[in-house]
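Peer 1:
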Amino acid sequence: MNVVAKTETGRALSDAFAVARDRLPGKGKIADQRRQAFDAYERLGLPHRRIEDWKYTDLRALMREVLPLAPAPDAAALGRAAAAVKLRAIDGVRRLVLVDGAFAADLSDLGNLDKGLTIRPLREVLDAGDGALSTQAIATDVSNPMIALNGAMATDGVVIEVADGTVLVQPLHIVHVASGTAPASMFTRSLLRLGRDAGVTLVESYLAGEGAKAYQAHDGLIVSIGDNARLDHVRLIEDSVDAFNISSATVSLGAHAHFNTFGLTSGGHVSRYQLTVTCAGEGSKVETNGVNLINGTQHADTTLFMDHAVPHCASREIFRAVVDDRAHSVFQGRIIVRPDAQKTDAKMMTRALLLSDDAEADNKPELEIFADDVTCGHGATTGALDESLLFYMRARGLPEKEAQALLIQAFVGEAIESIASDALREVAIATAQRWLEARA
Amino acid sequence: MSLLEVKDLQVRVEEREILHGLSLTVNPGQVHAIMGPNGSGKSTLSHVIAGKPGYEVTGGQILFKGEDLLEMEPNERAAKGVFLAFQYPVEIPGVTTWNFLHAALNAQRKARGEDEISSPAFLKKVREVAKSLNIPQDMLKRGVNVGFSGGEKKRNEILQMALFEPAVCILDEMDSGLDIDALRIAADGVNALRSPERAMVVITHYQRLLNYIVPDVVHVMSKGRVVKSGGKELALELEESGYAQFEDAA
Ligand SMILES: Nc1ncnc2c1ncn2[C@@H]1O[C@H](COP(=O)(O)OP(=O)(O)OP(=O)(O)O)[C@@H](O)[C@H]1O
Ligand SMILES: [Mg+2]
Chain A
395 MNVVAKTETG RALSDAFAVA RDRLPGKGKI ADQRRQAFDA YERLGLPHRR
445 IEDWKYTDLR ALMREVLPLA PAPDAAALGR AAAAVKLRAI DGVRRLVLVD
495 GAFAADLSDL GNLDKGLTIR PLREVLDAGD GALSTQAIAT DVSNPMIALN
545 GAMATDGVVI EVADGTVLVQ PLHIVHVASG TAPASMFTRS LLRLGRDAGV
595 TLVESYLAGE GAKAYQAHDG LIVSIGDNAR LDHVRLIEDS VDAFNISSAT
645 VSLGAHAHFN TFGLTSGGHV SRYQLTVTCA GEGSKVETNG VNLINGTQHA
695 DTTLFMDHAV PHCASREIFR AVVDDRAHSV FQGRIIVRPD AQKTDAKMMT
745 RALLLSDDAE ADNKPELEIF ADDVTCGHGA TTGALDESLL FYMRARGLPE
795 KEAQALLIQA FVGEAIESIA SDALREVAIA TAQRWLEARA
Chain B
-8 MSLLEVKDLQ VRVEEREILH GLSLTVNPGQ VHAIMGPNGS GKSTLSHVIA
42 GKPGYEVTGG QILFKGEDLL EMEPNERAAK GVFLAFQYPV EIPGVTTWNF
92 LHAALNAQRK ARGEDEISSP AFLKKVREVA KSLNIPQDML KRGVNVGFSG
142 GEKKRNEILQ MALFEPAVCI LDEMDSGLDI DALRIAADGV NALRSPERAM
192 VVITHYQRLL NYIVPDVVHV MSKGRVVKSG GKELALELEE SGYAQFEDAA
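Same order as they appear, the protein sequences are chains A and B.
With positions in the first sequence counted from 1, the corresponding number in my numbering is that position plus 394.
Residue 22 in my numbering is what sits at position 31 of the second sequence, and the numbering runs on without skipping anything.
Here it is in structure tokens:
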């Protein structure tokens, strides 16, 4: 029996769930699924450092409690959200906006959907009781308390289906916005299904409206990529520096499917992104790239679980962390190559750049290889900026911060370059630039 | 007023004194050559003038146009017109030469209160200079000095010097690693920059460079001091007799 779940915090959340239940879409089987997910969370409680996967990100110490659900956004909240969305608008995308955990139709673009593309709010899908889709959307890994909690509490999200052979030219952009000034939690869950030969670019960003500070964004994304389909995925965490962002993505690839994902974390007080990728079809290819740009007392954790279940798949991970002040960056990368997965080609390279003596970067690569005919490797480095380069640049007239900025840009460049779309690469570069300018 | 005045400079590195009271006065329009055996402190002097961290100045002064250079950050010195062509230019992967030069030039201009130079104007300027130094365009697209040959790195230093138009140029062994043709091109580049307002301090081991860049004054450095100064014939003398006579003097 878990003593901790019976603490004040545990009880408070338990009550919150009881209260929230009426606001959670989905009856019957869905409600049962949620109940089970919540029980799983209650059994495990908030993860802490003695749980191996959460060794560096002790939510019990860092977050202490899960805040109650944010109220549904009113007109003023939607107004603040709209302003935040506008500030970070990306040209040429189809925007899907979630405000305080609720789909905001007025801020979203659901007009003229391409043939083969279906987009519905999660709430609508769950309320319609649409069996298989609902079950998949709310499906939960009950061994992970935060994913379980997300499944239990999700109030809304988007459900996107892309039919076989449909290749979207226009990227989809899911924007998560916290509008409220009162600390609260948002729970969202989205589902993306790509049929065979389909192609999609998905951008996800996390923003704070003016005045939104110590909120908690709990998000989950479930993705299936059909045979021969391709998903390009870009995530930008630009939450408020007091916010918590606890999110996960679970991605499965069919045969000869291709998944290219890039994540940039520059915002949030504490963030944890758990990405689970399964190569379930032969010949599939995964590129995972990530950048942390953090300072102050920020804590950013990317935990990757790369599962090679079948032969002839390739995965590449490039992760770069730039850590200033007393910030703490965590990268955990676990690659598992199952006995059948011969001819797997898996490589992981992580590098951290520490800009201050108090900055910390933890890196935990793990390779578990059960097949014998594979090419696997990983490497990791941690270091400071090269003084001789800095001096050379300063001797040419660049002030120290500017010289540092150029070296930092070069350092994260390799990961950012992996973004296939020129326009989105520019967006990522601009986001990094904002961080660099803020510290200058 | 002299352009650069080094007075009784004493410098330590990691508790060890390297320069023991070195003095040097450089006037506008002059070219000074500094020669001296390995380890005599030539690069140390150039680094201290440019403001490299890690050197402790325990005595003396460096004045640039009468201002205390030692009080300034390296980038301020550059903006005021102090340029060092490094003996060992570093490689900066991921930062294109192009970007770097543009950012550096604009940083200098900004520090001087001048307008920034636009991309097209910059492009034109760099292209002209690169052409005069026989530097292919595609080198400018590569990371700073990344994969450059020894000679190419040196030419890139001269390129920067021509671009920034400094008041004092310190060339630390710009001739090492250059083939005969490259040496002539680089020396022509340096000579083209000679002007009544500008001064050069040329550090070299070889008299040959001084046939191309003819100095007004030649200094011999030994063990952290200037032990002899003279006209250009001093370089020829050294070529004949070596440094042994001066080591005793030091
Ligand atoms: N960072 C350092 N730490 C310790 N000793 C140093 C350091 N830098 C220079 N020195 C020492 O200072 C002395 C002068 O070195 P410097 O590089 O200035 O000589 P140099 O005259 O330029 O020689 P060369 O002709 O070989 O280029 C040498 O004995 C060198 O070992
Ligand atoms: Mg030297």
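All C-beta atoms in this analysis are idealised placements derived from N, C-alpha and C, irrespective of residue type, glycine included.
#1: What does a CB cutoff of less than 7 Å around H267 of chain B pick up in its chain, not counting 5 residues either side in sequence?
#2: Just verifying my parser: in three-state terms, what is the DSSP assignment at K607 of chain A?
#3: Residue ranges of each beta strand (DSSP E) run of no fewer than 3 residues wholly in the region 747 to 812 of chain A, ordered along the chain?
#4: To the nearest angstrom, how far is it from the Cα of E760 of chain A to the Cα of S213 of chain B?
#5: Only counting the same chain, and skipping five residues up and downstream in sequence, which positions put a Cβ closer than 6 Å to that of A809 of chain A?
#6: When you compare only the Cα positions, how much space is there between D626 of chain A and H652 of chain A?
#7: Which residue marks the beginning of the alpha helix (DSSP H) containing K(-2) of chain B, and which one marks its end?
#8: The alpha helix (DSSP H) that contains D816 of chain A, what's its start and end?
#9: By the criterion of Cβ-Cβ separation under 7 Å, what are the contact partners of F785 of chain A in chain C?
#10: Quick one: what does DSSP say K214 of chain B is sitting in, helix, strand or coil?
#11: Just the Cα atoms here: how many angstroms apart are A94 of chain B and L792 of chain A?
#12: Helix, strand or coil: which one does DSSP assign to P65 of chain B?
#13: For I40 of chain B and Q827 of chain A, I'd like the C-alpha separation in whole angstroms.
#14: Determine whether the Cβ of F656 of chain A lies closer than 8 Å to any Cβ atom of chain B.
#15: So R428 of chain A and L440 of chain A are in contact, right, with Cβ under 8 Å, and what is the actual spacing, rounded?
#16: Can at least three beta-carbon pairs, one atom from the region 102 to 115 of chain B and one from the region 187 to 206 of chain B, be found at a separation below 8 Å?
#17: Go ahead and label G30 of chain B buried or exposed: buried means 16 or more other beta carbons lie within 10 angstroms of its beta carbon, across all protein chains shown.
#18: Roughly how many angstroms separate the alpha carbons of R175 of chain B and V22 of chain B, rounded to a whole number?
#19: Locate the beta strand (DSSP E) running through I161 of chain B, then write down its first and last residues.
#20: Comparing C-alpha positions only, which one of A:R583, A:V594, A:T549 sits nearest to V561 of chain A?
#21: Quick one: is D613 of chain A buried, meaning 16 or more other Cβ sit within 10 Å of its Cβ, or exposed?
#22: Return the chain-ordered ranges of every alpha helix (DSSP H) run that is complete within the region 478 to 542 of chain A and spans a minimum of 4 residues.
#23: In the DSSP assignment, what residue or residues form a beta bridge with Y600 of chain A?
#24: Quick one: Cα of R489 of chain A to Cα of A608 of chain A, how far?
#25: Buried or exposed, going by whether 16 or more other CB atoms sit within 10 Å of the CB of F764 of chain A?
#26: Measuring only the C-alpha atoms, how far is A623 of chain A from L669 of chain A?
#27: Can you tell which of A:I802, A:R819, A:I729, A:H693 has the C-alpha that lies nearest to the C-alpha of A455 of chain A?
#28: If you follow the beta strand (DSSP E) that V22 of chain B is in, where does it begin and where does it stop?
#29: Answer with buried or exposed for E740 of chain A, where buried requires no fewer than 16 other C-beta atoms within 10 angstroms of its C-beta.
#30: When burial is assigned at 16 or more other CB atoms within 10 Å of the CB, is R583 of chain A buried or exposed?
#31: Provide the residue span of the beta strand (DSSP E) that contains A592 of chain A, from first to last.
#32: Pull up the DSSP beta-bridge partners for S618 of chain A, would you.
#33: Would you verify that the beta carbon of E796 of chain A is, or is not, closer than 8 Å to some beta carbon of chain B?
#34: Hey, is E156 of chain B close to ligand 2, as in C-beta under 7 Å from one of its heavy atoms?
#35: Could you check the C-alpha separation between T697 of chain A and G727 of chain A for me, to the nearest Å?
#36: Taking the alpha-carbon positions, what's the M395 of chain A to S678 of chain A distance?
Peer 2: Taking the structure as given:
#1: No answer is possible for residue 267 of chain B: the residues shown for chain B start at -8 and end at 241.
#2: As a first step, residue 607 of chain A is located in the first sequence; it is residue number 213 there, counting from the start. Of the three classes helix, strand and coil, the one that applies to K607 of chain A here is coil, per DSSP.
#3: 754 to 763, 769 to 777
#4: Here the question's residue 760 of chain A lines up with position 366 in the first sequence. Here the question's residue 213 of chain B lines up with position 222 in the second sequence. Cα to Cα, the separation comes out at about 56 Å.
#5: Your numbering for residue 809 of chain A matches position 415 in the first sequence. So the qualifying residues of the chain are N683, V685, I712, R714.
#6: Translated into positions along the first sequence, residue 626 of chain A becomes position 232. Translated into positions along the first sequence, residue 652 of chain A becomes position 258. The straight-line gap from Cα to Cα measures roughly 8 Å.
#7: Translated into the one-based positions of the second sequence, residue -2 of chain B becomes position 7. It is not in any alpha helix (DSSP H) - K(-2) of chain B instead sits in the beta strand (DSSP E) that spans -5 to 4.
#8: Reading the first sequence from its first residue, position 422 is the one you call residue 816 of chain A. Start and end: 816 to 833.
#9: The structure shown contains no chain C; its protein chains are A and B.
#10: Your numbering for residue 214 of chain B matches position 223 in the second sequence. Looking at K214 of chain B - three-state DSSP - the assignment turns out to be coil, as it is neither helix nor strand.
#11: Along the second sequence, read from residue 1 onward, the residue named residue 94 of chain B stands at position 103. Along the first sequence, read from residue 1 onward, the residue named residue 792 of chain A stands at position 398. Rounded to the nearest angstrom, the two C-alpha atoms are 7 Å apart.
#12: In the second sequence, the residue the question calls residue 65 of chain B occupies position 74. Three-state DSSP puts P65 of chain B in a helix.
#13: Sequence index remark: in the second sequence, residue 40 of chain B carries index 49 (1-based). Sequence index remark: in the first sequence, residue 827 of chain A carries index 433 (1-based). Looking at the two C-alpha atoms, the distance is approximately 33 Å.
#14: As a working note, residue 656 of chain A is residue 262 in the first sequence. F656 of chain A does not count as touching chain B.
#15: Taking the first sequence and counting its residues from 1, the one referred to as residue 428 of chain A is at position 34. Taking the first sequence and counting its residues from 1, the one referred to as residue 440 of chain A is at position 46. About 19 Å separates the two Cβ atoms, so there is no contact after all.
#16: no
#17: As a working note, residue 30 of chain B is residue 39 in the second sequence. Classification of G30 of chain B: exposed, given that the 10 Å Cβ count is below 16.
#18: Position 184 of the second sequence, counted from the first residue, corresponds to residue 175 of chain B. Position 31 of the second sequence, counted from the first residue, corresponds to residue 22 of chain B. Going from the Cα of R175 of chain B to the Cα of V22 of chain B covers about 17 Å.
#19: Residue numbering aside, residue 161 of chain B sits at position 170 when the second sequence is read from its first letter. Unbroken beta strand (DSSP E) run through I161 of chain B: 159 to 163.
#20: On the first sequence, residue 561 of chain A is found 167 positions in, with the first residue counted as 1. Cα-wise, what sits closest to V561 of chain A is A:V594.
#21: For the purposes of this step, residue 613 of chain A is identified with residue 219 of the first sequence, where counting begins at 1. Buried, because 16 or more other Cβ atoms sit within 10 Å of the Cβ of D613 of chain A.
#22: 516 to 522, 525 to 532
#23: Locating residue 600 of chain A in the first sequence gives position 206, where the first residue counts as 1. A:H570, A:I631, per the DSSP bridge assignment.
#24: The residue you call residue 489 of chain A lines up with position 95 of the first sequence. The residue you call residue 608 of chain A lines up with position 214 of the first sequence. When rounded, the distance between both Cα atoms is 25 Å.
#25: If you number the first sequence from 1, residue 764 of chain A lands on position 370. Label assigned to F764 of chain A: exposed.
#26: For the purposes of this step, residue 623 of chain A is identified with residue 229 of the first sequence, where counting begins at 1. For the purposes of this step, residue 669 of chain A is identified with residue 275 of the first sequence, where counting begins at 1. Cα to Cα, the separation comes out at about 19 Å.
#27: Taking the first sequence and counting its residues from 1, one reaches residue 455 of chain A at position 61. The shortest Cα separation from A455 of chain A among A:I802, A:R819, A:I729, A:H693 belongs to A:H693.
#28: In the second sequence, residue 22 of chain B corresponds to position 31, counting from 1. V22 of chain B -> beta strand (DSSP E) spans 22 to 26.
#29: Numbered from its first residue, the first sequence carries residue 740 of chain A at position 346. A small correction: the amino acid at residue 740 of chain A is Ala; Glu does not occupy that position in the sequence shown. The residue is buried, with at least 16 neighbouring Cβ atoms inside 10 Å.
#30: The sequence position of residue 583 of chain A within the first sequence is 189, counting from 1. Per the 10 Å Cβ criterion, buried.
#31: Residue mapping note: residue 592 of chain A aligns to position 198 of the first sequence, counting from 1. That residue, A592 of chain A, is in no beta strand (DSSP E); it is neither H nor E in DSSP.
#32: As a first step, residue 618 of chain A is located in the first sequence; it is residue number 224 there, counting from the start. For S618 of chain A, which the question treats as bridged, DSSP gives the partners A:R587, A:S646.
#33: Walking along the first sequence from the start, residue 796 of chain A turns up at place 402. It does: the Cβ of E796 of chain A has a partner Cβ on chain B nearer than 8 Å.
#34: Sequence index remark: in the second sequence, residue 156 of chain B carries index 165 (1-based). Because no heavy atom of ligand 2 lies under 7 Å away, the Cβ of E156 of chain B does not count as near it: no.
#35: Taking the first residue of the first sequence as 1, we reach residue 697 of chain A at position 303. Taking the first residue of the first sequence as 1, we reach residue 727 of chain A at position 333. Cα to Cα, T697 of chain A sits roughly 6 Å from G727 of chain A.
#36: By 1-based counting over the first sequence, the position of residue 395 of chain A is 1. By 1-based counting over the first sequence, the position of residue 678 of chain A is 284. Reliability fails at M395 of chain A, whose pLDDT of 34 lies under 50, so the model's placement of it is uncertain and the value that follows must be treated cautiously. M395 of chain A and S678 of chain A: Cα-Cα distance of roughly 42 Å.
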